[in-house]
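Here the sequence shown is numbered in our numbering, starting from 8 and rising by one per residue.
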Amino acid sequence: MTVGYRTTFQHRCLLPPNGLRHHRAGHCDLERQFRRKFLAHKRHSYAQAVAQASVVTPYTEQGNESAQSVSAQNSQPRITGETVVITGGSQGVGRATALLFAQNGYNVVIAARNPDKLRATEAELLTGATRGSVCSAISTDITDESAVASLVEVVTSKYENVSILINCAGVCLNGTLESTPVADFVDQMNVNFLGAVIMTKGFQPSLVAAAKKGLNPVLVNVNSFGGRIPLRSMPAYTASKYALAGFTDAIRPDFADQGIHVAQVHPGVVKSNFMERAAFRGPKGEQQRETMERMLEQPPPGLVQTPQEVAAQIYSAVQNRKDEVFVGPAYNTINALYRSLGVNPFSVAT
C-alpha cells in the first residue's frame, strides 16, 4: 500500500508540460500536507484497532478487525503452551470451565455470541490466570461456517498449540411436537449439534498437529443427560442431544487413530443463567417454565448442579482421558436404570 501511495505522489509532482515550476512547487506542497494528514489518520486508526483487539467479531461487519488482528499476529511469534478453546465460554458452565483451565495454567480462548458478556468473562480470566497463561475472547456464531473459519484463523495465528477443544454451547427448548414449530427443530440442531460439528471440523487439523507434537489432545463435547435419556415434552432438544451423542461416539475411533481423545460429559440440571435463552412452547409452556424456576430456586437433593461442579468433571475428563461422564451420582444411577431396565423417570407426566 505504501509503495503505491508514493508512486502516486511522485507521478503527480512531475513538471507539467508548460514548465510552470511555481505551479509544481505549490501543487507538491498541497500533496505533502495531504500525505501527512493521511499518514496521521492511518496511525490513529491502527492504534484504535490495537486497543479494540481483545474482542474480535468475525461474523459481523467488523470483519476487517479480524483481518488486521491476523496480520498483526502473523508478524509476532505465536504464544506457546497448551491452549484450550471453549464455546459458550461467556457464561454458565462454559465460563466456569474457562476459569478453571486458566487457573491451572492453560491459555484459554472463549467463543460466544455476546461481546459484552465475553469482555466481562475475559476480564475475570485475565485476573485468575496463572503461570503466564494468555486468555482471549472472540465473538463468534458457531453455526456459521465462515465465522468459525475466521475464528480458527485468528486463534491459530496467535496460539501455537491448540490441544483441547470443548464444545459447550447449547440452548434448552421445552414443548411437545404439536407445539414446536419446525424452525425450532432447526435452531436446536444448529446450536446443540451442528455447531459442535462445525467447530470440531475447524479445529481438527490443530488437534492432529498437537498429537504429532506429543501433547495428547482432547475433544470434549458437553452434552446433557437428555443425550442418553429421552425427555418427555422435549422432542427437539432430545433429538439434538441424541445427535451430538451419536456424533461423538462415531468419531471417537477415527480420532483415536489420529492421537486425539474424545470425551463426552453429560450435566444434569444446572443452576445457571441458561433460562435467559430457554424457550417453552405450547399451552403448558409457562407452567413448565415456572416448574423449572422453582426447581432451580429450591433444588431437590442431587438433581441440580452448579457450573463449577460440571466444570470440575470436564477438567477431570481431560486430565484422565475419560470417554463419558455423567455429572452427579443421581444421574449415573438414572442412566444405569434406563440402560439396564428401561426405567425412565423423565417420561412421567408433570
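Yeah, the Cβ is synthetic: ideal placement off N, Cα and C, and Gly gets one too.
Keep in mind that this is a model prediction, so the values were computed, not measured.
Beta-carbon separation (whole angstroms), residue i vs residue j, contact threshold 8 Å
| i | j | result |
| --- | --- | --- |
| Gly253 | Cys175 | In fact, because the Cβ distance is near 19 Å, the residues do not count as touching under 8 Å. |
| Val116 | Val155 | Contact flag wrong, Cβ pair sits at about 13 Å. |
| Pro307 | Ser279 | About 17 Å; that fails the 8 Å criterion. |
| Ala130 | Asp191 | So it is not a contact: roughly 34 Å between Cβ atoms. |
| Pro224 | Ser153 | Not quite, the Cβ-Cβ distance comes to about 25 Å (not below 8 Å), so this is no contact. |
| Tyr166 | Thr245 | Incorrect: roughly 36 Å between the Cβ atoms, too far for contact. |
| Gly202 | Thr94 | 7 Å |
| Ala150 | Leu172 | A quick correction: the sequence has Thr, not Ala, at residue 150. Actually they do not touch by this definition, with Cβ atoms about 16 Å apart. |
| Gly88 | Asn168 | 7 Å |
| Asn351 | Pro237 | 7 Å |
Helix, strand or coil at residue i [DSSP, three-state]
| i | result |
| --- | --- |
| Leu214 | helix |
| Ala144 | strand |
| Val155 | helix |
| Thr150 | coil |
| Leu180 | strand |
| Thr2 | Residue coverage of the chain in this structure runs from 8 to 357, which leaves residue 2 outside it and unanswerable. |
| Gly88 | strand |
| Thr137 | coil |
| Val355 | coil |
| Val334 | coil |
| Ile236 | coil |
| Pro242 | helix |
| Arg50 | Summary for Arg50: the model assigns pLDDT 43, below 50, so the residue's position carries little reliability, and this model does not support an answer. |
| Ser73 | In this predicted model, Ser73 has a pLDDT of only 41, less than 50, meaning its place in the structure is not dependable enough to derive any value. |
| Ala58 | Any answer about Ala58 is weak, because its pLDDT of 36 lies below 50 and its placement is not dependable; what the coordinates show is given next. Helix at Ala58. |
Host beta strand (DSSP E) of residue i (start-end)
| i | result |
| --- | --- |
| Ser186 | Run containing Ser186: none; DSSP gives neither H nor E here. |
| Leu226 | Val225 to Val229 |
Cutoff 8 Å; reference residue i; Cβ partners in own chain excluding five residues on either side
| i | result |
| --- | --- |
| Lys124 | Ser97 and Gln98 |
| Val311 | Gly275, Val276, Val277, Lys278, Met302 and Leu303 |
| Val355 | Arg239 |
| Leu132 | Ala105, Leu106, Ala109, Val115, Ile117, Cys142 and Ala144 |
| Val317 | Val100, Ala103, Thr104, Val229, Val272, Pro274, Val277 and Val334 |
| Lys329 | Ala270 and Ser323 |
| Gly309 | Gly335, Pro336 and Ala337 |
| Ala285 | Val178, Cys179, Leu180, Asn181, Arg296 and Met299 |
Bounding residues of the alpha helix (DSSP H) (the contiguous stretch that carries residue i)
| i | result |
| --- | --- |
| Ile173 | No alpha helix (DSSP H) contains Ile173, which is instead part of the beta strand (DSSP E) from Tyr166 to Asn174. |
| Val115 | Segment Asn114 to Ala119 is the beta strand (DSSP E) holding Val115; no alpha helix (DSSP H) there. |
| Gln315 | Pro314 to Asn327 |
| Gly368 | The shown model of the chain, from 8 to 357, leaves out residue 368, and the question about it has no answer. |
| Val100 | Gly99 to Gln110 |
6 Å CB neighbourhood of residue i in its chain, flanking five on each side removed
| i | result |
| --- | --- |
| Gln320 | Val272, Val332 and Val334 |
| Gly289 | Gly182, Thr183 and Ser186 |
| Gly135 | Leu106, Ala109 and Gln110 |
| Gly112 | Thr137, Arg138 and Ser140 |
| Phe232 | His273, Gly275 and Tyr338 |
| Ala79 | Note on Ala79: pLDDT 49, under 50, position unreliable in the model; no value is reported. |
| Phe200 | Ser247, Ala250 and Leu251 |
Nonlocal neighbours in the same chain, by C-beta distance under 7 Å from residue i, ignoring five residues either side
| i | result |
| --- | --- |
| Gly6 | Absent from the model: residue 6. The displayed extent of the chain is 8 to 357, so no value can be given. |
| Gln265 | Val215 and Ala218 |
| Phe281 | Gly99 and Cys179 |
| Val269 | Leu226, Thr255, Ile258, Arg259 and Phe262 |
| Ala324 | Val227, Ala270, Val272 and Val332 |
| Phe287 | Asn181, Gly182, Glu293, Gln295 and Arg296 |
Check: residue i C-beta below 7 Å from any heavy atom of the ligand GDP
| i | result |
| --- | --- |
| Arg138 | No copy of the ligand GDP appears in this structure; indeed no ligand is present at all. |
Chain C contact for residue i (CB, 8 Å cutoff)
| i | result |
| --- | --- |
| Asp256 | The structure shown contains no chain C, having only a single protein chain. |
### Task
Any chance you could list the alpha helix (DSSP H) runs of at least 4 consecutive residues sitting entirely within the stretch 265-312, in chain order?
292-304
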